[in-house]
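>
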Ligand SMILES: Cc1ncc(COP(=O)(O)O)c(C=O)c1O
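In this note's numbering, the protein residues as written are 11 to 411.
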């Protein structure tokens, strides 16, 4: 019995079966590298699903945790702390927003956004098919994946999904719409880009009927796409933006940032969380954001993303149709539904990537990667593609894989 078998048995014995069996049992990491309990080394190009902006065990992250834990980890929201205020001010500067509400996760940031939308007094909240906004009931009601929603109906009244086209948005918008909630790139769907000009059109159309435009940058935000936020690259100002993932670089934290009048919609007593904005989470997040700024990691994400795109194109694999996404949020669009096979072949070669959809491999490495990691990725990913190509070619015509 391998350690993975043993762990899987313990997992089944002790945990609710909400996720499939683990792919490996990881013990520790350093930079863009992780090791499993059997001593195997991997290049981590998933980064905890677009979370580990500074990679693993970055000294800035470790020091921030230790320093703040020695002072005060938690104080309750009857009190404020310097790390919380400093982070809110930094996020105002980085986002261009006017007020911040802190949560502990992405889905909670979406819940806060749903309550913000409800405060308009309008009943309908629109989101897009194939979107992912989280798993709690409000966020799930916005998540455009019937397979995830169906076991939990009835969902939030007024939540509706529409096709991701400007025409569908125009047709659905009316003065009973409280908000339109949109991921600028659909990460969990497999890094699916929106039609060109969608965000700008959504801004114009929502403004016309007085609906809020709420952007979910939980996966795309905090520099991953080569800009701090996609809406900034598209020159759009939303009414609110949700953040999480890279915001803590591995420490659980999320945020809802409100712009203009939307920043004042939630009034005293209308929302809250025991942990939200606690000094430990906000100190670590502040340190992570400072390091991203000081080390120029947003520009690095743009540069390394372009290099990865070139490298993937250079592989000239018959399995690769093209590449989606921006910066270091990359979808490798496949010509066949073999993402899981490619991910397994990559893992065997010491590379972690992710099958976000059957026909798309998602790549979301830490923002700190450099030439050495790009070279190693290129070698290992090309080998994984070649191995799966060979397997596919040996399947006799008419047989199912
Ligand atoms: C765009 C988007 N929104 C919301 C969420 C939910 O975040 P969390 O898993 O932290 O609750 C995710 C998570 O993958 C996401 O990618």
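The beta carbon of each residue, even a glycine, is placed where N, CA and C say it ideally should be. Source: prediction; values computed, not measured.
Just reading off the alpha helix (DSSP H) that residue 294 is part of, what are its end residues?
Start at 1 with the first residue of the chain shown, and residue 294 comes out as number 284. Looking at the DSSP string, the run of the alpha helix (DSSP H) that includes residue 294 is 289 to 304.
> If I measure Cβ to Cβ from residue 351 and keep anything under 6 Å in the same chain, skipping five residues before and after, which residues do I get?
What you label residue 351 is simply residue 341 of the chain shown in a count that begins at 1. The residues are 398.
> Which word fits residue 219, buried or exposed, when buried means at least 16 other C-beta atoms lie within 10 angstroms of its C-beta?
In the chain shown, residue 219 corresponds to position 209, counting from 1. With fewer than 16 Cβ atoms within 10 Å of its Cβ, residue 219 is classed as exposed.
> So what does DSSP say about residue 217, is it helix, strand or coil?
Within the chain shown, the letter at position 207 stands for residue 217. Three-state DSSP puts residue 217 in a helix.
> What is the DSSP secondary structure of residue 14, reduced to helix, strand or coil?
Your numbering for residue 14 matches position 4 in the chain shown. Note: residue 14 maps to helix in three-state DSSP.
> Roughly how many angstroms separate the alpha carbons of residue 287 and residue 113, rounded to a whole number?
If you number the chain shown from 1, residue 287 lands on position 277. If you number the chain shown from 1, residue 113 lands on position 103. Rounded to whole angstroms, residue 287 to residue 113 spans 7 Å at the Cα level.
> Have a look at residue 355 and residue 210 and give me their C-alpha separation to the nearest angstrom.
In the chain shown, counting from the first residue as 1, residue 355 sits at position 345. In the chain shown, counting from the first residue as 1, residue 210 sits at position 200. Each residue's Cα considered, the two are about 40 Å apart.
> In the structure shown, what three-state DSSP assignment does residue 329 receive?
Counted from its first residue, the chain shown places residue 329 at position 319. DSSP places residue 329 in coil when its eight states are reduced to three.
> Compare the beta carbon distance of residue 256 and residue 234 with 8 Å and say whether it is the shorter of the two.
For the purposes of this step, residue 256 is identified with residue 246 of the chain shown, where counting begins at 1. For the purposes of this step, residue 234 is identified with residue 224 of the chain shown, where counting begins at 1. In contact: residue 256 and residue 234 (Cβ atoms closer than 8 Å).
> Heavy atom of ligand 1 less than 7 Å from the Cβ of residue 117, yes or no?
The sequence position of residue 117 within the chain shown is 107, counting from 1. Within the cutoff, so yes.
> Using the three-state DSSP reduction, which class does residue 51 fall into: helix, strand or coil?
As a position in the chain shown, residue 51 is number 41, starting the count at 1. Strand, per DSSP.
> Can you check whether the CB of residue 195 is closer than 8 Å to the CB of residue 168?
Translated into positions along the chain shown, residue 168 becomes position 158. Translated into positions along the chain shown, residue 195 becomes position 185. Not in contact: residue 168 and residue 195 (Cβ atoms no closer than 8 Å).
> According to DSSP, which residues form a beta bridge with residue 229?
As a first step, residue 229 must be located in the chain shown, where it is residue number 219. In DSSP, residue 229 forms no bridge with anything.
> Looking at the secondary structure, which residues open and close the alpha helix (DSSP H) in which residue 72 lies?
Locating residue 72 in the chain shown gives position 62, where the first residue counts as 1. It spans 69 to 81 - the alpha helix (DSSP H) in which residue 72 sits, taken as one unbroken run.
> Report the residue from 123, 118, 26 whose alpha carbon sits nearest the alpha carbon of residue 262.
Taking the first residue of the chain shown as 1, we reach residue 262 at position 252. The residue with the shortest Cα to Cα distance from residue 262 is 118.
> If we cut at 8 Å on Cβ distances, does residue 111 have a partner in chain B?
As a matter of chain content, chain B is missing from the structure shown, which is built from one protein chain.
> What is the DSSP secondary structure of residue 277, counted as helix, strand or coil?
The sequence position of residue 277 within the chain shown is 267, counting from 1. If DSSP states are grouped into helix, strand and coil, residue 277 belongs with coil.
> Which residues bound the alpha helix (DSSP H) around residue 138?
By 1-based counting over the chain shown, the position of residue 138 is 128. Taken as a continuous stretch (DSSP letters only), residue 138 belongs to no alpha helix (DSSP H), being part of the beta strand (DSSP E) at 134 to 138.
> What residue range is occupied by the uninterrupted beta strand (DSSP E) comprising residue 370?
Here residue 370 corresponds to residue number 360 of the chain shown, with the count starting at 1. Counting along the chain, the beta strand (DSSP E) containing residue 370 begins and ends at 370 to 373.
> Cβ of residue 369 within 7 Å of any heavy atom in ligand 3?
Inclusion of ligand 3 in the displayed structure is not the case, the ligand content consisting of ligand 1 alone.
> Using the Cα positions of residue 85 and residue 77, report the straight-line distance between them to the nearest angstrom.
For this step, residue 85 is matched to residue 75 along the chain shown. For this step, residue 77 is matched to residue 67 along the chain shown. Whole-angstrom Cα-Cα distance: 16 Å.
> Taking the beta strand (DSSP E) that residue 112 falls in, what are its first and last residues?
Locating residue 112 in the chain shown gives position 102, where the first residue counts as 1. 109 to 113 is the span of the beta strand (DSSP E), which, as asked, contains residue 112.
> Is it a yes or a no for the segment 323 to 332 touching the segment 241 to 248, going by three-plus beta-carbon pairs under 8 Å?
No contact exists between the segment 323 to 332 and the segment 241 to 248.
> Let's see if you can read the secondary structure: which residues bound the beta strand (DSSP E) around residue 340?
Your numbering for residue 340 matches position 330 in the chain shown. Looking at the DSSP string, the run of the beta strand (DSSP E) that includes residue 340 is 339 to 344.
> Does ligand 1 have a heavy atom nearer than 7 Å to the CB of residue 226?
Indexing the chain shown from 1 puts residue 226 at position 216. Yes, since a heavy atom of ligand 1 falls inside the 7 Å radius drawn around the Cβ of residue 226.
> Decide if the segment 49 to 64 is in contact with the segment 366 to 379; the criterion is three or more beta carbon pairs, one per stretch, under 8 Å apart.
In short, these stretches touch, since the Cβ pair count reaches three.
> May I ask you to check if the CB of residue 193 is nearer than 7 Å to at least one heavy atom of ligand 1?
The count along the chain shown starts at 1 and reaches residue 193 at position 183. Checking the Cβ of residue 193 against ligand 1 gives yes.
> Touching or not, the segment 103 to 112 and the segment 306 to 322, by the rule of three or more beta carbon pairs under 8 Å?
With a cut-off of 8 Å, the segment 306 to 322 and the segment 103 to 112 do not count as touching, because too few Cβ pairs lie within range.
> Quick one, which of 312, 359, 357 has its alpha-carbon nearest residue 340's?
Locating residue 340 in the chain shown gives position 330, counting from the first residue. The option with the nearest alpha carbon to residue 340 is 312.
> Which residues does DSSP pair with residue 252 in a beta bridge?
Translated into the one-based positions of the chain shown, residue 252 becomes position 242. In DSSP, residue 252 forms a bridge with 226, 266.
> Is it buried or exposed for residue 91, if we count other Cβ within 10 angstroms and need 16 for buried?
Along the chain shown, one-based indexing puts residue 91 at 81. Buried: at least 16 other Cβ atoms inside 10 Å.
> Can you list, in chain order, the residues of its chain whose CB lies under 8 Å from that of residue 329, leaving out five sequence neighbours each side?
As a working note, residue 329 is residue 319 in the chain shown. Same-chain partners within the cutoff: 344, 345, 346, 348, 352, 395, 398, 399, 402.
> Helix, strand or coil, according to DSSP, for residue 313 in the structure here?
Taking the chain shown and counting its residues from 1, the one referred to as residue 313 is at position 303. Residue 313 falls in the helix class under three-state DSSP.
> If you draw a straight line from the C-alpha of residue 111 to the C-alpha of residue 359, how long is it?
The residue given as residue 111 occupies position 101 in the chain shown. The residue given as residue 359 occupies position 349 in the chain shown. Distance between the alpha carbons of residue 111 and residue 359 is about 42 Å.
> Can you grab the Cα-Cα spacing for the pair residue 148 / residue 20, in whole Å?
Within the chain shown, the letter at position 138 stands for residue 148. Within the chain shown, the letter at position 10 stands for residue 20. Taking the straight line joining both Cα atoms gives about 32 Å.
> Which whole-angstrom value is the C-beta distance of residue 46 and residue 29, which I expect to be below 8 Å?
The residue given as residue 46 occupies position 36 in the chain shown. The residue given as residue 29 occupies position 19 in the chain shown. Between residue 29 and residue 46 the Cβ distance is about 17 Å, and since that is not below 8 Å, they are no contact.
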